[in-house]
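One structure is given below, encoded as structure tokens.
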Amino acid sequence: MTLTDHDVAIDVRPLSGWTGAEIHGVDLSQPLDDHTVAEIRQALLQWKVVFFRDQHIDHAQQIRFGGQFGDVTPGHPYEGDAAPPGFPQIHTVSPKAYDERYGRRYQKQFGVNGPGWHADVTPLINPPSHSILRAESVPAFGGDTQFTNVAAAYLGLPEPLRAFIDGLRAEHRFGASYDADRSNERIGEWVRTKPLASIHPVVRVHPESGERVIYVNPGFTTRILDLDPRQSRHILDLLFEQIDRPEYTVRFKWENGSVAFWDNRAALHLAPRDVEHLATDRVLHRITLVGDTPVGPDGAPSESIAGEPFLAAN
Ligand SMILES: [Fe+2]
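All letters in the sequence shown, in the order written, are residues 0 to 313 by numbering that gives the first Met the number 0.
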């Protein structure tokens, strides 16, 4: 008897009660059959982020892997010129890359909203649906990334609160959390001359699962519309406290060759702050997939304030 593709199910190992699963039995360097793609999609829908180990793939293989799940965007709406030659889809995450990009020793900072939980580039009218981040070189300790399940966080709110936030909308703006100290850096110039901002529903209906998710994040959300500034601050703080609750999160320890693949419409992630004082570099490469325009429970879509839709890379 010969094995067909369908006899070889992938091995999905959940890492916490709500969030994250490791997937074994898949070689990302090879084209995947439809059944495997469907199983990975299903694991993503349930666990919001999936992880693969020992995948020593290059930029082209990472882009090809992502292309089996959607159209791959440029690396970043602002930072395309920082992509490695020949791979405009790649956004490299490393202190050294940031030094070159921002022109001085880069340190992550807490913004006005506290720790930087975020989904990638939500100021866009169509934020990327998924991100795929691969570790090329990571330190032996430090630098874990955390993820939180914002569908579970929504469900964990009392019903009257859910009903209240279902009708709200909020502004997301790139650079909202940058302080004046950084305003003369290149990123400050981009934020001033090429602003990116949108109005999104505070509760987004996930286009595949139909789940409602908390769709504000401390990294990019500036204010809730139709409330006065203090009311907006209180409601945002309440929601940021909710998405930060440990029971909704998972913490991923990177190794060289690890790959994280998450759904930006159902998970937020938090970049590590415990590596900046360490001498080791940490190099990861990200791609993102073209996303759709968010829709709220009332069926109304997001509205753009500034910036163009983020479409497939050429
Ligand atoms: Fe991110």
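Backbone N, C-alpha and C fix where the C-beta goes; we use that ideal spot for every residue, glycine too.
In this text the structure is predicted, and so the values were computed from the model without any measurement.
Q | Integer Cβ distance of Arg168 from Pro200, believed to fall under 8 Å | A | 6 Å
Q. Where Gly65 and Pro87 are concerned, what is the direct C-alpha to C-alpha distance, given to the nearest angstrom?
A. 14 Å
Q | Enclosing alpha helix (DSSP H) for Leu237 [first to last residue] | A | Pro228 to Ile242
Q | With 16 other Cβ atoms within 10 Å as the buried cut-off, status of Gln29 | A | exposed
(Q) So, with DSSP's three-state summary, where would you put His34? (A) helix
Q: Measuring alpha carbon to alpha carbon, tell me which of Glu210, Asp243, His34 and Ile62 ends up nearest Phe260.
A: Ile62
Q. Does any heavy atom of ligand 1 sit closer than 8 Å to the C-beta of Ala20?
A. no
Q) CB-CB under 6 Å to Trp17, same chain, minus the five flanking residues each way: which ones, in chain order? A) Asn148, Ala151 and Tyr247
Q) Roughly how many angstroms lie between the CA atoms of Ala179 and His233, to the nearest whole one? A) Its pLDDT being 48, under 50, Ala179 is placed unreliably in this model, and the value from its coordinates should be taken loosely. Answer to the nearest angstrom: the Cα atoms are 24 Å apart.
**Q.** DSSP state of Ala96 mapped onto helix, strand, coil
**A.** helix
Q: State yes or no: is the C-beta of Arg264 within less than 9 Å of the C-beta of Gly290?
A: yes
Q) Any idea which residues DSSP pairs Arg250 with across the strands? A) Gln145
Q) Taking the alpha-carbon positions, what's the Ser303 to Ser197 distance? A) 4 Å
(Q) Considering Cα atoms alone, identify which of Glu275, His90, Thr91 and Pro122 is closest to Val190. (A) Pro122
Q) For ligand 1, any of its heavy atoms closer than 8 Å to the Cβ of Ala270? A) yes
**Q.** Where the alpha helix (DSSP H) containing Phe64 begins and where it ends
**A.** His58 to Gly66
(Q) ligand 1 and Asp119: does the residue's C-beta get closer than 8 Å to at least one heavy atom of that ligand? (A) yes
Q. Got a sec, what are the start and stop residues for the beta strand (DSSP E) Ala278 sits in?
A. Counting along the chain, Ala278 falls outside any beta strand (DSSP E), and DSSP gives it neither H nor E.
Q: Kindly indicate the opening and closing residues of the beta strand (DSSP E) around Pro308.
A: Segment: none, Pro308 is in no beta strand (DSSP E) and carries neither H nor E.
Q.
Buried or exposed for Gly142, going by 16 or more other Cβ atoms inside 10 Å?
A. buried
Q) Between Asp314 and Gly24, what straight-line distance do the alpha-carbon atoms span, to the nearest angstrom? A) This structure does not reach residue 314, given that the chain is present from 0 up to 313, and the question cannot be answered.
Q) Since Leu267 sits in a beta bridge, which residues does DSSP pair it with? A) Thr147
Q: Could you give the DSSP three-state label for Ala20: helix, strand or coil?
A: strand
Q: Please find out if some non-hydrogen atom of ligand 1 comes closer than 8 Å to the beta-carbon of Ser128.
A: no
Q | Exposure label - Ser128; buried when at least 16 CB within 10 Å | A | buried
Q: Sort out for me which residues DSSP pairs Asp10 with in a bridge.
A: His23
Q. For ligand 2, any of its heavy atoms closer than 8 Å to the Cβ of Pro84?
A. Absence of ligand 2 is noted for the structure shown, with ligand 1 being the only ligands found.
**Q.** At least 3 beta-carbon pairs within less than 8 Å: the stretch 206–216 vs the stretch 153–171
**A.** yes
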